[in-house]
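Heads up: the structure comes next, in structure tokens.
Residue numbers (my numbering): 20 to 611.
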């Protein structure tokens, strides 16, 4: 049940695949070096393993509770752990130093977040939502709003939420009904109900800053009529001190499959006369502003697929090494073998290990693109990085969360019947991970975003640039003598090119019909690209006579497993992508 931070694997991606040193050489990040990052992540690993990880089980078993007055109590130990988390400075390491942040790259911030999510996904959701609210206020808030809210949120004293969903408006945000009425003093009165609000009420932070989507009077229908408001739990005076309680109340908490320590609230605004809110930016641009927060959250939700799978893999591997059952081929007669010696268990463990490494590569690559888009000196290079970030985000969110569910399920399978028993603890990771494909736009929405918005960028030029970079890596595999890996990667790359060309020429319905298998194909291929690069790095190290021969041999073997065992699945997706909409509408809707 313990958690061991995978620091060596994380540093491999940061330094050997993505060249963290070059990123830190940019002016924006020149106040920190590689050794600083190594020290920071080592301490973050220690903190999360010792302070946060032990709370994961109690959080699941006890959960958060709400009383009749709408006050929420988190599980034992959570409030103290959050106070220690904030005191150590972990919430704000990647934010603006002018408001109390550390000014580190998003790449380093994401690595830090991985450790917290693995330790306890439920706990991590509080700072994750706050992080998204900080980003939205940083980009779209007025100077007065930044001065009033950001420092307290970046340091973790106040947490943040996003309030989109309503009983009648789930993914169709344009159908929301929450109302905002202007007041004479420039504030607004907010009235309505929001559901599924993660960490919408709790006892860990002094204040909660809700970012709420609402309609102003005479607003046009749909998403074009939505505005974004700051609605604090406690109103804030000009000097930053807390004033009276605002008219926002937790009506209930959802009873969920997993992440039980994370209070998922139903919030009522304005039941006692009107919750006070403050407009962010301009009226009717709320959806645009909220997407700043949502895109940030989509990457970190993708991280949940990786981080929870990592925790479940560690448990499954330990169990497989110690659990004896059956006699493996070649073992002494009359003996029982550790189940890790059986080929099918090896297959499951290698599938988990390789999938985790591929996800880590993709997610960290996405974070690097965010940093390059913000910090590179050359305007054209910044534009290219921003395009790469936009393309990778639905892959990070969609592919990684789907794979995370698959891998946490495999961990249960490694345990066999004992995995289905809650006392072993491994089932919690599957239950916790299952929400991630639904969060922040379901994975079907991510697939639509990919084929309808990201694929047509520069008439297919953005995805074309990605595939061209992959082709260069494939050539390097051949030049390095890794022909068997190059052949596997090349076949998948050809399949992706064919599917991409077909989609770009397809009509809307056919493109939408192929969206989900295309996301899986491109996500698998991009994960495979990172594994191909991993194989090249390991090969260079092994040829150099490195002292870490065993470790790099493991890296090469894991990369080879993904490229030869998992990547071929991408090729089989092409017929599903190119079949068009006809198979999906072959029977009438009434027949379902």
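Each residue gets a CB set at the ideal place from its N, CA and C atoms; glycine is no exception. The structure presented is a predicted model; accordingly, all values stated were derived computationally and were not measured.
Taking residue 167 as reference, the option from 184, 575, 131, 262 with the minimal CA-CA separation is 262.
With respect to the 7 Å criterion, residue 250 and residue 300 are not classified as neighbours on the basis of their beta carbons. Excluding residues up to 5 positions away in sequence, nothing lies with its Cβ nearer than 7 Å to the Cβ of residue 435 in the same chain. DSSP places residue 200 inside the beta strand (DSSP E), whose first and last residues are 198–201. Distance from the Cα of residue 21 is smallest, within the candidate group 336, 529, 346, for 336. For the pair of segments examined, the stretch 213–224 was found to touch the stretch 165–179: the number of CB pairs separated by less than 8 Å reaches three. Annotated as proximal: residue 288 and residue 294, with beta-carbon spacing under 7 Å.
For residue 243, there is no enclosing alpha helix (DSSP H), as DSSP gives it neither H nor E. Residue 547 and residue 48 have their C-alpha atoms roughly 30 Å apart. Annotated three-state conformation of residue 265 is coil, per DSSP. CA-CA distance, residue 367 to residue 360, rounds to 12 Å.
7 Å or more divides the Cβ of residue 96 from the Cβ of residue 315. By the criterion of at least three beta-carbon pairs nearer than 8 Å, the stretch 145–163 is in contact with the stretch 94–114. For residue 528, the uninterrupted alpha helix (DSSP H) run begins and ends at 527–532, by DSSP. For the pair residue 429 and residue 371, the CB atoms are nearer than the 7 Å cut-off. Taking C-beta separations shorter than 8 Å and ignoring five residues to either side along the sequence, the partners of residue 354 in its chain run 346, following chain order.
Non-local C-beta neighbours of residue 72 in its own chain, meaning closer than 6 Å and more than five positions away in sequence, comprise 22, 138, ordered along the chain. The Cβ atoms of residue 37 and residue 390 lie no closer than 7 Å to each other. Our two residues, residue 437 and residue 79, have alpha carbons roughly 18 Å apart in a direct line. Secondary structure of residue 135 (DSSP, three-state): helix. Per DSSP, reduced to three states, the secondary structure at residue 213 is strand. In this structure, residue 420 and residue 273 do not form a Cβ contact; the two beta carbons are roughly 19 Å apart against a cut-off of 8 Å. With contact defined as three or more Cβ pairs closer than 8 Å, the stretch 469–484 and the stretch 405–422 are in contact. Under the DSSP assignment, residue 148 falls in the alpha helix (DSSP H) whose first and last residues are 140–159. Going by beta carbons, residue 268 and residue 325 fall outside the 7 Å limit. Counting along the chain, the unbroken alpha helix (DSSP H) around residue 314 starts and ends at 305–341. Residue 467 and residue 500 have their C-alpha atoms some 39 Å from each other. DSSP places residue 288 in the uninterrupted beta strand (DSSP E) bounded by 283–288. If you look at residue 177, you'll find it in the beta strand (DSSP E) that goes 177–182.
Of 406, 377, 452, 509, the smallest CA-CA separation from residue 578 is found for 377. Straight-line spacing of the CA atoms in residue 99 and residue 223 works out to 8 Å. Per the coordinates, the alpha-carbon of residue 110 lies some 16 Å from the alpha-carbon of residue 156.
Rounded to whole angstroms, the gap between the alpha carbons of residue 256 and residue 113 is 27 Å. Within the stretch 42–116, complete alpha helix (DSSP H) segments of at least 4 residues are found at 53–66, 74–81, 97–106, given in chain order. Looking from the CA of residue 60, the closest CA among 208, 135, 162, 484 belongs to 135.
Check the Cα spacing between residue 416 and each of 374, 402, 459: the tightest is with 459.
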